[in-house]
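Going by the working numbering, the sequence shown wraps up at 238, each residue one higher than the last. Note that CB positions come from ideal geometry on N, CA and C, so glycine has one too. For clarity, every value in this text was computed on a predicted model and none was experimentally measured.
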Amino acid sequence: MGGVPESHTGWTFLTNHARVLAAIADDPNVRIRDIAAHCRLTERAVQKIIGDLEQDGYLSHTREGRTNTYRIEPGKVLRHPAEAGLPVASLLSLLVEDEDRRKHVDGPLGDGGPAADEAPAQPPSDPHTPRLR
């Protein structure tokens with residue numbers, strides 16, 4: 106899952122549940138240990154979050170030997186009334202796209218931006234994705 110980000114104090118835009126779900130979307134066979142390191146959480150916190158997500162139907166898993174394979178329910182809608190009707194896939198498409206971009210290229214200035222020959226990421230064309238004005 107790459108390097109562990111620096112620790113952060115104060116508020117953030119994403120919940121730990123969203124971060125854990127995005128890590129699973131990036132790799133359905135990811136280990137809890139790796140999710141915890143990537144999200145800067147304890148393994149126990151990740152286990153609890155996975156339990157929450159499974160209980161509410163956003164996530165399920167199968168166990169094969171010592172490996173868990175997770176399955177996200179992309180059509181499950183987000184819980185908050187302000188996002189009523191938006192599927193979890195809309196959120197994940199933004200988060201996983203950004204993670205892929207950060208993995209592939211660290212821009213020419215080392216700022217995480219696109220390389221000189223790479224176009225900036227375009228917003229998704231999903232009609233359910235909110236547009237900023």
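Restricting to Cα atoms, I'd like to know which of the options is closest to residue i.
i	options	result
G162	G170, R149, K153, I177	I177
Y175	I129, T114, Q152, Q160	I129
If we ignore side chains and look at the alpha-carbon of each, how far apart do residue i and residue j end up?
i	j	result
G190	V182	6 Å
N173	H185	29 Å
W116	H166	30 Å
Q152	S195	24 Å
F65	R124	Residue 65 is absent from the structure shown; the chain starts at 106 and stops at 238.
P133	T120	19 Å
L146	L158	16 Å
I140	E188	26 Å
C144	R171	22 Å
R168	A142	22 Å
Q160	D131	21 Å
L164	H122	11 Å
V135	A150	15 Å
Could you name the residues that DSSP lists as bridge partners for residue i?
i	result
V182	P192
N173	R168
Report, in whole angstroms, the separation of the C-beta atoms of residue i and residue j, which I expect to be a contact under 8 Å.
i	j	result
L197	L126	7 Å
P179	V201	P179 to V201, Cβ: 11 Å. No contact.
I155	E148	Not really, about 10 Å apart at Cβ, beyond 8 Å.
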